[in-house]
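Peer 1: Protein chains in written order, with the working numbering: chain A, 86 to 352; chain B, -6 to 250.
Given below as structure tokens:
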């Protein structure tokens, strides 16, 4: 717990100032690095040291972005990808959590399914692409299924491992209080695994993006993954780069959302 | 005196893939109401197994366990406090009541009174990590007592504490248990602790555990554990118990060869 702000000594004041200085320096350097990166890129393209047809240039990406935004096309693509990713992320996490709870509750089932889970985890999910398309149809459904498939197995494994590593003596304590299995789950196992579940969320954010973009490569007619593939096919590298940057920004934003959730629940 | 608990010819074996282990062999034991009963034995002598059998969590391989009270009237205090960090002290203490679904106003009040009575009143809303080891152990005891057990089983409850804290908490626990009028069974490998706290002390053999001898604590009752440690009879009693234990250890060694 933090102490409430009291009168601080001169020495402590200097310490705090120094710390703030350090933090400021790091942030400034981070921004500087990013700006520098785009600046150098732009200059290299401008003085034709690199071929801007292949490497594009920040200014070209910007005009690409403006063109997309003006038509209102951009929003359609962004929202398509965003919806697929969020739906994939939320369902994968929920399904993973429920499956982990079921496997924890029914030990024989866990022992029986263990090898299958391990093998499914090792399987590159993209290989299932054609099957998914045939079963679910070449549309949003297939993309979401891909996003779920890619992260659900690892979610189950990670969360279940956390459940199983709860201190045996704490389980014994629950027994001495004559707790049922369900009470042990809700009063001990789930709360003690909160940070573990948050960690799974963080992994899943990244995974959901991978699944969605992969799905879009395979089937879509809209979305950022579609823009990237399309741009590549027509050799419009500015479109590819621009979409990639938007993708990066969105992925980062979603990760920050998870961080906010983490802060909210771990208080 | 009324018997709370009686073991007759109780044996227990553990089974694992690599074989079976005989933990307890034909043990007879009885504990009276209001008594502070000590069980001392070499490490690995099945003391925790014995407590699990006494509490009813574990059914012995053979023999009979007779209780004059129901298993729900038995409280169990483990070696470490196992307080849940995501709960406040208050909520930790009320855990048992929640689980047994008997969280009535009156019982909650009783538990909170215990906290106040044993100088934890200011920490009710705090998290376990904000408390010292000794305080946490007292909270763990109150979590056990909140269920108003008639018998409390203590499984080396002080072994995780440093020596100074240990003496103080042991005295606190003795006082709390005496004042609340609860029967207690303490398992420990610390002879001096057993003598400082218990009315009778059973010495166990090495595995498979049997009761080798039961000592009556000749030091008069009503003394604090600190006073007992300074009592003239303390040293001789310590020596006797220790000899009994040491003999066990030697037999164990010669058995290994």
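Note that beta-carbon positions come from the ideal geometry of N, C-alpha and C, so glycine has one too.
(1) Measure from the C-beta of residue 88 (chain B) to each C-beta in chain A and report whether the shortest distance is under 8 Å.
(2) Along the chain, where does the beta strand (DSSP E) that runs through residue 12 (chain B) open and close?
(3) Relative to the C-alpha of residue 102 (chain B), which candidate in B:121, B:124, B:239, B:140 has its C-alpha closest?
(4) Can you name, in chain order, every residue of its own chain whose Cβ lies under 7 Å from the Cβ of residue 173 (chain B), other than the five neighbours on each side?
(5) Report the residues of the region 243 to 264 of chain A with a CB closer than 8 Å to any CB of chain B, ordered along the chain.
(6) Cβ of residue 204 (chain B) within 8 Å of Cβ of residue 51 (chain B)?
(7) Closest by CA to residue 145 (chain A), which one among A:304, A:321, A:99?
(8) Would you kindly work out how many angstroms separate the C-alpha atoms of residue 138 (chain A) and residue 125 (chain A), rounded to a whole number?
(9) Using 10 angstroms around the beta-carbon of residue 198 (chain B), count the other beta-carbons present and answer buried if the total reaches 16, otherwise exposed.
(10) Nearest to residue 227 (chain A) by CA position, among A:175, A:340, A:169, A:106, is which residue?
(11) My understanding is that residue 162 (chain B) touches residue 131 (chain B), with C-beta atoms under 8 Å, so please give their C-beta distance in whole angstroms.
(12) Name the DSSP beta bridge partners of residue 197 (chain B), please?
(13) Would you mind sorting residue 97 (chain A) into buried or exposed? The rule is 16 or more other CB atoms within 10 Å of its CB.
(14) What's the gap between the Cα of residue 100 (chain B) and the Cα of residue 116 (chain B)?
(15) What's the gap between the Cα of residue 87 (chain A) and the Cα of residue 134 (chain B)?
(16) Tell me which residues of the region 60 to 86 of chain B have at least one Cβ-Cβ distance to chain A shorter than 9 Å, keeping chain order.
(17) Considering only the beta carbon of each residue, do residue 330 (chain A) and residue 317 (chain A) sit closer than 8 Å?
(18) For residue 142 (chain B), count neighbouring C-beta atoms within 10 Å of its own C-beta (all shown protein chains included) and say buried if the count is 16 or more, exposed if not.
(19) Give the interface partners of residue 268 (chain A) over in chain B, defined as CB-CB distance under 7 Å, in chain order.
(20) Are residue 17 (chain B) and residue 4 (chain B) touching if we call contact CB-CB under 8 Å?
(21) Could you check whether the Cβ of residue 36 (chain B) sits closer than 8 Å to any Cβ belonging to chain A?
(22) Output the distance between the C-alpha atoms of residue 196 (chain A) and residue 98 (chain B), rounded to the nearest integer angstrom.
(23) Residues in its own chain within less than 6 Å of residue 189 (chain B) by CB, not counting five upstream and five downstream?
(24) Residue 50 (chain B) touches chain D at which residues, Cβ-Cβ below 7 Å?
(25) Tell me, please, whether the region 75 to 86 of chain B touches the region 118 to 127 of chain B by the rule of three or more beta-carbon pairs shorter than 8 Å.
(26) Cβ of residue 276 (chain A) less than 8 Å from any chain B Cβ?
(27) Considering only their Cβ atoms, is the gap separating residue 15 (chain B) from residue 150 (chain B) smaller than 8 Å?
(28) So which of A:261, A:281, A:256, A:283 has the shortest CA-CA distance to residue 270 (chain A)?
(29) According to DSSP, is residue 89 (chain A) helix, strand or coil?
(30) Short of 6 Å in beta carbon distance, which residues of its chain neighbour residue 31 (chain B), apart from the five on each side in sequence? Order them along the chain.
(31) Could you check the C-alpha separation between residue 163 (chain A) and residue 172 (chain A) for me, to the nearest Å?
(32) With 8 Å set as the bound, which would you pick, yes or no: does the beta-carbon of residue 272 (chain A) sit closer than that to a beta-carbon of chain B?
(33) CB-CB under 6 Å to residue 57 (chain B), same chain, minus the five flanking residues each way: which ones, in chain order?
(34) Buried or exposed: residue 345 (chain A), going by 16 or more other Cβ atoms within 10 Å of its Cβ?
(35) Go through its chain and collect everything with a Cβ distance to residue 247 (chain B)'s Cβ below 6 Å, but skip five positions before and after it.
(36) So, does the CB of residue -3 (chain B) fall closer than 8 Å to a CB anywhere in chain A?
Peer 2: Looking at the atomic coordinates:
(1) Here residue 88 (chain B) refers to the residue found at position 95 when the second chain is read from its first residue. It does; some Cβ of chain A falls within 8 Å.
(2) Position 19 of the second chain holds residue 12 (chain B). From DSSP, the beta strand (DSSP E) with residue 12 (chain B) extends over 12 to 25.
(3) Against the second chain, residue 102 (chain B) aligns to sequence position 109. Residue 102 (chain B) has its Cα closest to that of B:140, out of B:121, B:124, B:239, B:140.
(4) On the second chain, residue 173 (chain B) is found 180 positions in, with the first residue counted as 1. These residues qualify, in order along the chain: 138.
(5) 252, 254, 255, 257, 258, 259, 260, 261, 262, 263, 264
(6) Counted from its first residue, the second chain places residue 204 (chain B) at position 211. Counted from its first residue, the second chain places residue 51 (chain B) at position 58. No, the Cβ-Cβ distance between residue 204 (chain B) and residue 51 (chain B) is not below 8 Å.
(7) If you number the first chain from 1, residue 145 (chain A) lands on position 60. The shortest C-alpha separation from residue 145 (chain A) is found at A:321.
(8) If you number the first chain from 1, residue 138 (chain A) lands on position 53. If you number the first chain from 1, residue 125 (chain A) lands on position 40. If I take the Cα positions, the gap works out to 16 Å.
(9) The residue you call residue 198 (chain B) lines up with position 205 of the second chain. By the neighbour-count rule (16 or more Cβ atoms within 10 Å), residue 198 (chain B) is buried.
(10) Taking the first chain and counting its residues from 1, the one referred to as residue 227 (chain A) is at position 142. Answer by Cα proximity: A:169.
(11) Position 169 of the second chain, counting from 1, holds the residue named residue 162 (chain B). Position 138 of the second chain, counting from 1, holds the residue named residue 131 (chain B). Correct: roughly 7 Å between the Cβ atoms.
(12) Taking the second chain and counting its residues from 1, the one referred to as residue 197 (chain B) is at position 204. Answer by DSSP bridge pairing, in chain order: B:204.
(13) Mapped onto the first chain, residue 97 (chain A) falls at position 12. Classification for residue 97 (chain A): exposed.
(14) Locating residue 100 (chain B) in the second chain gives position 107, where the first residue counts as 1. Locating residue 116 (chain B) in the second chain gives position 123, where the first residue counts as 1. Their Cα atoms are separated by approximately 19 Å.
(15) Position 2 of the first chain, counted from the first residue, corresponds to residue 87 (chain A). Position 141 of the second chain, counted from the first residue, corresponds to residue 134 (chain B). In this prediction, residue 87 (chain A) scores a pLDDT of 46, lower than 50, which makes its location untrustworthy; no coordinate-derived value is stated.
(16) 64, 65, 67, 68, 69, 70, 71, 72, 73, 75, 77, 78, 79, 80
(17) Working through the first chain from its first residue, we reach residue 330 (chain A) at position 245. Working through the first chain from its first residue, we reach residue 317 (chain A) at position 232. Cβ atoms of residue 330 (chain A) and residue 317 (chain A): not closer than 8 Å.
(18) Numbered from its first residue, the second chain carries residue 142 (chain B) at position 149. By the 10 Å Cβ count, residue 142 (chain B) comes out buried.
(19) Here residue 268 (chain A) refers to the residue found at position 183 of the first chain. By Cβ distance, chain B contributes 92.
(20) Translated into the one-based positions of the second chain, residue 17 (chain B) becomes position 24. Translated into the one-based positions of the second chain, residue 4 (chain B) becomes position 11. Yes; because the gap between Cβ atoms is below 8 Å, this pair is in contact.
(21) The residue given as residue 36 (chain B) occupies position 43 in the second chain. So no, residue 36 (chain B) is outside the interface.
(22) In the first chain, counting from the first residue as 1, residue 196 (chain A) sits at position 111. In the second chain, counting from the first residue as 1, residue 98 (chain B) sits at position 105. Cα-Cα distance, rounded: 44 Å.
(23) By 1-based counting over the second chain, the position of residue 189 (chain B) is 196. So the qualifying residues of the chain are 218, 221, 222.
(24) Considering every chain present, this structure includes no chain D. Its protein chains are A and B.
(25) yes
(26) As a first step, residue 276 (chain A) must be located in the first chain, where it is residue number 191. Residue 276 (chain A) counts as touching chain B.
(27) In the second chain, counting from the first residue as 1, residue 150 (chain B) sits at position 157. In the second chain, counting from the first residue as 1, residue 15 (chain B) sits at position 22. The answer is no: Cβ separation not under 8 Å.
(28) Position 185 of the first chain holds residue 270 (chain A). Comparing Cα-Cα distances from residue 270 (chain A) to each of A:261, A:281, A:256, A:283, the minimum goes to A:256.
(29) As a working note, residue 89 (chain A) is residue 4 in the first chain. Summary for residue 89 (chain A): the model assigns pLDDT 49, below 50, so the residue's position carries little reliability, and this model does not support an answer.
(30) Here residue 31 (chain B) refers to the residue found at position 38 of the second chain. If we look at residue 31 (chain B) and ignore the five residues flanking it on each side, its Cβ neighbours are 179, 187, 191, 194.
(31) As a working note, residue 163 (chain A) is residue 78 in the first chain. As a working note, residue 172 (chain A) is residue 87 in the first chain. For residue 163 (chain A) and residue 172 (chain A), the distance between alpha carbons rounds to 14 Å.
(32) Translated into the one-based positions of the first chain, residue 272 (chain A) becomes position 187. So, interface residue.
(33) By one-based count along the second chain, residue 57 (chain B) stands at place 64. Correct list, in chain order: 1.
(34) Start at 1 with the first residue of the first chain, and residue 345 (chain A) comes out as number 260. The residue in question, residue 345 (chain A), is exposed, as its Cβ has fewer than 16 Cβ neighbours within 10 Å.
(35) For the purposes of this step, residue 247 (chain B) is taken as the residue at position 254 of the second chain. Residue confidence is low: residue 247 (chain B) scores 49 on pLDDT, short of 50, so the model does not pin down where it sits. No coordinate-derived value is stated.
(36) The count along the second chain starts at 1 and reaches residue -3 (chain B) at position 4. By this cut-off, residue -3 (chain B) is not an interface position.
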